[in-house]
């Protein structure tokens with residue numbers, strides 16, 4: 075059997091593992107006695123060097139500069155560096171027509187780092203995207219979009235949309251692989267144990283998005299999206315994938331696609347118009363009416379992970395397992411773009427033996443001072459599979475705003491806000507047992523003594539954290555099924571504003587609800603079953619396999635509360651079912667569906683909440699400093715409304731005074747159903763309290779916590795009351811080394827607006 079076929083089938087095996095295979099304990103292997111490794115450390119995946127734990131705190135620049143390297147090393151104690159990005163990769167390719175061309179660009183800076191910081195180690199990005207000459211030589215291997223890109227649209231994309239390789243190209247893997255292996259060997263031979271690992275990078279911005287993302291920048295309309303990939307390589311890959319899925323039986327394929335003439339030789343990638351077609355309520359793709367589009371989305375996402383796993387396997391093979399690997403992948407689904415662009419084979423990536431670490435920039439949608447900046451990772455699932463997560467801390471400091479042409483994404487307006495955004499990054503990392511790199515995205519934005527001092531303080535606290543309990547166990551589990559949108563319309567339309575707002579709006583509420591939560595993929599529901607969670611949230615679980623539905627049913631006991639949104643379990647492998655949805659939610663629905671604004675009114679307080687608000691009010695709207703891709707009055711069609719239960723929320727506009735969220739008690743459990751992503755933080759606190767969840771604070775504040783650490787980040791000045799789940803001998807705010815309480819399970823703490831407190835709980 076050809077290697078390419080083995081790769082395809084291996085990818086299917088990985089995806090199959092996400093549907094119920096036995097799962098390993100988090101990072102169960104022991105650390106390597108020599109070199110760098112990822113293994114369990116006090117309840118969470120940790121980084122080791124020569125068998126000893128190391129705080130995974132790094133500093134990143136496009137090219138490390140002498141002034142910053144010395145400041146971070148001498149002033150902050152940071153001697154781990156991340157380096158390189160996508161633009162230099164294309165400008166300085168290590169792969170040329172004659173073969174491996176050396177790595178002069180990379181060597182120059184890595185050698186400089188060791189000169190400036192003799193104790194340094196580094197995690198360089200090593201791209202495997204095809205160089206321009208290869209793309210030009212092999213046009214048949216390029217991605218092809220089913221939607222021709224209008225010339226005027228290209229002008230708005232900062233220049234011409236550059237042709238790139240199809241992620242399904244077997245020729246690319248075959249020809250690039252040996253050269254990539256030489257690049258890995260070069261770095262190993264030249265830098266030895268100073269090479270912390272390899273950061274694998276490909277796709278737009280090196281982040282393993284599909285190339286379609288380049289057609290979705292900013293506010294480019296959906297009708298100008300690329301809707302790839304209909305190339306020859308992807309068509310061949312899709313057909314091989316279909317053969318494997320349907321057991322090489324064309325009769326099974328025809329039944330699944332509801333197409334009596336299709337064969338494995340004639341099956342085509344669905345073009346744009348087929349993907350845009352919806353067959354139920356203007357929202358859903360019913361699997362009972364054909365699986366062609368859903369099959370393609372599953373195949374396309376799997377191709378990305380197969381490609382990533384292939385090149386990560388080269389690193390592991392060449393290093394004989396010694397080099398750790400990291401990749402940008404598994405981002406939570408909080409961007410507004412078309413589904414082709416997202417990471418939706420995350421369960422397979424977490425199960426790859428060739429990948430040790432994952433990273434992402436935290437959410438771009440709520441990262442201004444006072445907001446939550448949640449990490450874009452299903453952290454509980456990643457830890458479950460022993461994967462160390464390293465947050466990319468790319469919040470820019472106020473120094474960016476002093477430049478002649480500052481980046482508009484910079485949210486900090488002064489030194490105080492800048493320092494406290496850095497502490498927010500650290501607080502989220504230390505309470506989740508993850509790593510962090512401080513990213514100097516635009517250069518020169520850490521060149522202030524107070525910023526270096528703050529990084530140093532956090533670096534010392536990170537060392538201390540290595541000796542404490544690092545597990546992030548909470549009493550609330552949030553569960554996502556990222557395949558749900560395979561069966562829904564596109565985002566930025568009334569068919570699926572829901573997908574975006576569940577991640578952007580509702581997740582922001584969970585961050586401010588006064589209790590920590592663990593975020594899982596639905597493929598890891600067995601991990602949820604193993605824990606005594608008091609509240610289990612089905613966030614975007616419109617699609618549940620029959621096995622997953624049974625797992626959810628098993629959780630309905632012991633006084634637990636199941637919170638569900640939109641249409642939980644409405645879609646299965648075989649079709650749509652209102653009765654199935656009602657069973658999952660524990661609530662009967664009214665006949666038919668309605669159209670409504672994604673905002674609601676709290677029945678208990680009369681307060682409206684939601685980013686689709688009809689009447690925004692100070693302190694209520696989730697984004698006090700502006701919006702990003704979140705229109706006021708956003709509407710979703712095809713909403714199911716509850717026909718029973720105690721009302722929690724009523725709608726607005728046409729749904730004014732109509733219950734849109736209810737609670738219903740059952741024997742041994744409580745079901746909470748919300749048609750809208752609009753359960754505000756104070757509503758969640760009431761649900762939590764009723765379920766027996768420990769509430770740390772009732773204040774409108776970002777909170778994250780584990781057994782050893784607590785983080786608060788404020789919007790407003792005030793004295794914040796905190797209730798701890800146990801008596802602590804000492805509570806210390808490590809941002810100022812202040813002991814704030816002793817021998818207590820509660821404390822009051824005065825804080826300024828936009829301030830972060832990171833508390834060590836001894």
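In the numbering used here, the protein residues as written are 75 to 836.
By construction, the Cβ of each residue, glycine as well, lies at the ideal position given by its N, Cα and C atoms.
Small disclaimer: the values here were computed from a predicted structure and weren't measured.
Please state whether DSSP places residue i in a helix, a strand or coil.
{"i": "residue 710", "result": "strand"}
{"i": "residue 738", "result": "strand"}
{"i": "residue 449", "result": "coil"}
{"i": "residue 88", "result": "Residue placement at residue 88 is poorly supported in this model, since its pLDDT is 42, which falls under 50; the coordinates still yield a value, given next. Reduced to three states, the DSSP call for residue 88 is helix."}
{"i": "residue 625", "result": "helix"}
{"i": "residue 692", "result": "At residue 692 the pLDDT is 38, less than 50, meaning the model places this residue with poor confidence; the figure from the coordinates comes in the next sentence. Correct three-state label for residue 692: coil."}
{"i": "residue 515", "result": "coil"}
{"i": "residue 260", "result": "helix"}
{"i": "residue 405", "result": "coil"}
{"i": "residue 699", "result": "With a pLDDT of only 41 at residue 699, under the threshold of 50, the placement of this residue in the model should not be trusted; the figure read from the coordinates follows. It is coil, neither helix nor strand."}
{"i": "residue 651", "result": "coil"}
{"i": "residue 390", "result": "helix"}
{"i": "residue 828", "result": "coil"}
{"i": "residue 111", "result": "strand"}
{"i": "residue 399", "result": "strand"}
{"i": "residue 580", "result": "helix"}
{"i": "residue 620", "result": "helix"}
{"i": "residue 465", "result": "strand"}
{"i": "residue 473", "result": "helix"}
{"i": "residue 455", "result": "helix"}
{"i": "residue 436", "result": "coil"}
{"i": "residue 173", "result": "strand"}
{"i": "residue 424", "result": "helix"}
{"i": "residue 505", "result": "helix"}
{"i": "residue 133", "result": "strand"}
{"i": "residue 124", "result": "coil"}
{"i": "residue 99", "result": "With a pLDDT of 41 at residue 99, under the threshold of 50, the modelled position of that residue is not reliable, and no figure is offered here."}
{"i": "residue 104", "result": "coil"}
{"i": "residue 119", "result": "strand"}
Whole-angstrom Cβ separation of residue i and residue j, contact assumed at under 8 angstroms?
{"i": "residue 673", "j": "residue 752", "result": "6 angstroms"}
{"i": "residue 276", "j": "residue 203", "result": "5 angstroms"}
{"i": "residue 247", "j": "residue 209", "result": "The Cβ separation is near 15 angstroms, so there is no contact."}
{"i": "residue 463", "j": "residue 508", "result": "4 angstroms"}
{"i": "residue 196", "j": "residue 257", "result": "With a Cβ gap of about 15 angstroms, residue 196 and residue 257 do not count as contacting."}
{"i": "residue 643", "j": "residue 661", "result": "Actually they are not in contact, since the Cβ atoms of residue 643 and residue 661 sit about 12 angstroms apart, beyond 8 angstroms."}
{"i": "residue 132", "j": "residue 155", "result": "6 angstroms"}
{"i": "residue 552", "j": "residue 599", "result": "Their Cβ separation, rounded to whole angstroms, is 12 angstroms, which puts residue 552 and residue 599 out of contact at 8 angstroms."}
Residue i lies in the alpha helix (DSSP H); which residues open and close that run?
{"i": "residue 190", "result": "178-190"}
{"i": "residue 216", "result": "Unbroken run through residue 216: none, as it is neither H nor E."}
{"i": "residue 144", "result": "140-144"}
{"i": "residue 669", "result": "Element bounds for residue 669: not the alpha helix (DSSP H) but the beta strand (DSSP E), 668-671."}
{"i": "residue 600", "result": "599-604"}
When the cut-off is 8 angstroms and only beta carbons count, does residue i lie next to chain D?
{"i": "residue 395", "result": "No chain D is part of this structure, which consists of one protein chain only."}
Taking the continuous beta strand (DSSP E) assigned at residue i, which residues delimit it?
{"i": "residue 281", "result": "Note, residue 281: premise wrong, no beta strand (DSSP E); not H, not E."}
{"i": "residue 676", "result": "674-676"}
{"i": "residue 160", "result": "Segment 160-165 is the alpha helix (DSSP H) holding residue 160; no beta strand (DSSP E) there."}
{"i": "residue 635", "result": "634-639"}
{"i": "residue 909", "result": "The question about residue 909 has no answer here: the residues shown for the chain are numbered 75 through 836."}
{"i": "residue 196", "result": "195-201"}
Across the stretch 738-749 and the stretch 551-558, are there enough close Cβ pairs to call them in contact, namely three or more that are closer than 8 angstroms? Fewer than three beta-carbon pairs drawn from the stretch 738-749 and the stretch 551-558 are found closer than 8 angstroms, and the two stretches are therefore not classed as touching.
Taking 8 angstroms as the cut-off, does the stretch 534-545 touch the stretch 489-507 (at least 3 CB pairs, one atom from each stretch)? At 8 angstroms Cβ cutoff, the stretches touch.
Along the chain, which unbroken stretches of the alpha helix (DSSP H) at least 4 residues long are found entirely within the stretch 286-355? 306-319, 324-331 and 346-350, all fully within the stretch 286-355.
Can you check the stretch 716-775 for any alpha helix (DSSP H) of at least 4 residues that lies completely inside it and give the ranges in chain order? The qualifying runs are 755-765.
Counting Cβ pairs closer than 8 angstroms, one from the stretch 183-195 and one from the stretch 558-577, do we hit at least three? no
Given 8 angstroms as the limit, is there contact between the stretch 381-394 and the stretch 425-434, that is, 3 or more CB pairs closer than that? yes
Taking only runs of the beta strand (DSSP E) that begin and end inside the stretch 532-574, which ones reach a length of at least 3 residues, in chain order? 550-554
Counting beta carbon pairs with one atom in the stretch 460-475 and one in the stretch 508-520, are three or more of them shorter than 8 angstroms? yes
Whole runs of the beta strand (DSSP E) within the stretch 785-836, excluding any shorter than 3 residues: 792-807, 812-825 and 830-835
Tell me whether the stretch 329-340 and the stretch 294-302 touch, counting them as touching only if at least three CB pairs, one residue from each stretch, are closer than 8 angstroms. Verdict: no, contact absent.
Just checking, does the stretch 547-554 make contact with the stretch 570-589 on the three C-beta pairs under 8 angstroms criterion? yes
For the stretch 459-469 and the stretch 786-805, state whether three or more C-beta atom pairs, one from each stretch, are separated by less than 8 angstroms. no
Okay, do the stretch 486-494 and the stretch 824-833 touch, 3+ Cβ pairs below 8 angstroms being the bar? Yes, since at least three Cβ pairs between the stretch 486-494 and the stretch 824-833 fall closer than 8 angstroms, the two stretches touch.
Does the pairing of the stretch 707-714 with the stretch 356-372 give three or more beta-carbon distances under 8 angstroms? yes
Inter-stretch contact (C-beta, 8 angstroms, three-pair minimum) for the stretch 718-736 and the stretch 762-782: no
Closer than 8 angstroms is the cut-off here; do at least three beta carbon pairs connect the stretch 144-152 with the stretch 477-487? Segments in contact, no.
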